[in-house]
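Below: the structure, in structure tokens.
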Amino acid sequence: MIGSVAGAPPRLRHIHASAPAPLAVHRSTFRLSRRVVAASAAATTSQRTASGARLPQQRLVGAARASATAATEARNRRKDRHGGDGGGGAVATTKPSRVFLLDVNPICYEGARPNLYFFARWLSLFFSQVSVRDPVIAVLDGESGNDYRRQLLPSYKAHRRRFSVGGPHRAERHVSDVLQKCHVPVVKVSGYEADDVVATLADQILRRGFRVVIASPDKDFKQLISEEVQIVMPMPEIGRWSFYTIKHYVAQYSCDPTSDLSLRCILGDEVDGVPGIQHLVPGFGRKTAVKLLKKHGSLENLLNAAAIRTVGKQYAQEALTKYGDYLRRNHQVLSLRRDADVHVDKEWLSERDTCKDSTVLSNFIKMLDEVQKHNKR
1 MIGSVAGAPP RLRHIHASAP APLAVHRSTF RLSRRVVAAS AAATTSQRTA SGARLPQQRL
61 VGAARASATA ATEARNRRKD RHGGDGGGGA VATTKPSRVF LLDVNPICYE GARPNLYFFA
121 RWLSLFFSQV SVRDPVIAVL DGESGNDYRR QLLPSYKAHR RRFSVGGPHR AERHVSDVLQ
181 KCHVPVVKVS GYEADDVVAT LADQILRRGF RVVIASPDKD FKQLISEEVQ IVMPMPEIGR
241 WSFYTIKHYV AQYSCDPTSD LSLRCILGDE VDGVPGIQHL VPGFGRKTAV KLLKKHGSLE
301 NLLNAAAIRT VGKQYAQEAL TKYGDYLRRN HQVLSLRRDA DVHVDKEWLS ERDTCKDSTV
361 LSNFIKMLDE VQKHNKR
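When you line the sequence shown up against full-length UniProt numbering, it's residues 1 to 377, in that order.
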């Protein structure tokens with residue numbers, strides 16, 4: 001298995017063999033796994049769903065430009081404070097305490113549609129308001145990343161639209177090119193989804209003594225939340241990124257994050273095409289699942305206990321003994337893998353040089369404007 005890493009040392013293969021080809025359209029289809037940009041806000045304990053509401057194109061372009069301008073102003077303020085260039089030059093550097101893992105695919109979509117203006121907007125906000133100089137590692141889905149889970153469960157993400165092969169690579173190359181120019185390494189591993197690569201990298205980074213912040217709206221990452229691992233989510237309805245921590249999780253679900261994966265195995269994941277046990281045993285819902293998991297800690301402990309004694313009401317007991325293999329299969333499908341063939345390079349953990357952020361993003365938006373004008377002719 002080969003991990004393709006843009007902006008990495010020579011020992012790892014680059015994504016780009018040459019400069020990006022011109023985009024055909026700004027809404028080109030991506031070879032990026034489409035995820036529903038739906039998440040819980042971290043600003044309150046009662047979380048709202050980020051549905052990725054569609055913005056008018058003119059408003060979206062203006063927002064992207066405003067974000068790039070804000071990044072420039074923030075850099076200039078740092079320059080005034082420190083007497084340096086606001087980037088990686090004269091400002092004294094310190095070892096960062098946290099590393100951001102950016103799940104790229106979801107921020108390339110406006111709702112269900114691929115849109116590079118959306119990517120530019122969210123990336124600019126992310127750099128200026130969230131990560132600033134902290135190191136960022138971007139992750140993309142690898143080729144055939146879904147195959148492992150589809151072999152276990154054919155319905156896994158089967159309902160999601162498959163994009164044509166005519167333009168996705170060019171769009172991905174442009175996204176990767178922008179990130180590289182902003183001093184962000186871009187990682188993709190063949191045969192692995194971005195989620196699995198993020199989980200693999202998170203483990204390695206934690207072992208090096210850093211905290212991890214995962215930038216993504218994907219609920220799959222909630223199984224990784226801990227005191228050392230946070231999530232920051234793009235919130236389209238409020239136009240900013242919002243942090244989601246272990247405190248938010250406990251307030252929202254009334255259980256520990258260590259039970260998140262087990263809970264989803266029982267309840268299923270409709271978005272990813274993973275059926276829960278409710279359609280087999282209608283009475284077995286969230287309340288029952290949370291109660292049993294609070295007592296037994298994990299799905300495996302619960303199934304083992306149910307095999308030798310009664311653990312709950314009759315319908316729950318019968319469901320756990322009859323559908324144990326079904327639930328274990330869900331666990332295989334929903335648990336994030338941590339064996340992707342990629343290794344954190346020391347250079348990725350240094351403060352990020354931000355001096356080119358605003359220029360790179362502004363130029364990218366100008367390119368999208370030119371493409372849009374050309375397409376209207």
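We put the CB at the ideal spot given by N, CA and C, even for glycine. Fair warning: this is a prediction, and the values are worked out from it, not measured in the lab.
Runs of the alpha helix (DSSP H) lying entirely within the region 101-166 and spanning at least 4 residues, in chain order: 116-125, 147-152. Distance from the CA of Tyr-315 to the CA of Thr-245, rounded to the nearest whole angstrom, comes to 35 Å.
No Cβ-Cβ contact shorter than 7 Å links Gln-332 with Leu-116. Contact annotation, Asn-330 with Cys-255: C-beta distance approximately 18 Å; criterion of less than 8 Å not satisfied. When the alpha-carbon of Leu-349 is set against those of Thr-258, Ile-277, Leu-334, Ser-131, the nearest one is in Ser-131.
A Cβ-Cβ distance of about 6 Å is found for the pair Leu-336 and Asp-196, placing them in contact under the 8 Å criterion. Contact annotation: the region 133-143 touches the region 352-365, with at least three C-beta pairs closer than 8 Å. Residue range 194-207 is occupied by the alpha helix (DSSP H) that includes Arg-207. In the DSSP assignment, Asp-325 forms no beta bridge with any residue. When the Cα atoms are used, Ala-251 and Pro-257 turn out to be separated by approximately 11 Å. Shown here for Arg-240: same chain residues with a beta carbon closer than 7 Å to its own, the five before and five after excluded, namely Leu-125, Gln-129 in chain order. Contact annotation: the region 178-192 does not touch the region 224-235, with fewer than three C-beta pairs closer than 8 Å. Contact between Asp-339 and Thr-200 holds: their C-beta atoms lie close to 7 Å from each other, under 8 Å.
Under the DSSP assignment, Val-186 falls outside any alpha helix (DSSP H), being part of the beta strand (DSSP E) whose first and last residues are 186-189. Under the three-state reduction of DSSP output, Phe-243 falls in the strand class. In this structure the region 273-281 touches the region 317-330; the number of beta carbon pairs closer than 8 Å is three or more. Under a 10 Å Cβ-count criterion, Asn-375 is classified as exposed, with fewer than 16 other Cβ atoms of the shown protein chains found around its own Cβ.
For Arg-264, no beta strand (DSSP E) run applies; the uninterrupted alpha helix (DSSP H) run containing it begins and ends at 260-267, by DSSP. Taking a C-beta distance under 7 Å as the contact criterion, Val-213 and Arg-98 qualify as a contact pair. In the three-state reduction of the DSSP assignment, Gln-278 falls in the coil class, being assigned neither a helical nor a strand state. In summary, Glu-110 is buried, with 16 or more beta-carbon neighbours lying within 10 Å of its beta-carbon over all protein chains present. For Thr-288, the closest C-alpha among the options Ala-215, Val-342, Gln-204, Leu-263 is that of Leu-263. About 45 Å separates the beta carbons of Leu-327 and Leu-361, which is beyond the 8 Å limit, so they are not a contact pair.
Pro-234 is positioned such that its CB atom lies closer than 7 Å to that of Ile-107. Comparing C-alpha distances from Pro-236 to each of Thr-310, Phe-119, Phe-127, Tyr-156 shows the shortest one belongs to Phe-119. The continuous stretches of beta strand (DSSP E) do not include Val-311, and DSSP gives it neither H nor E.
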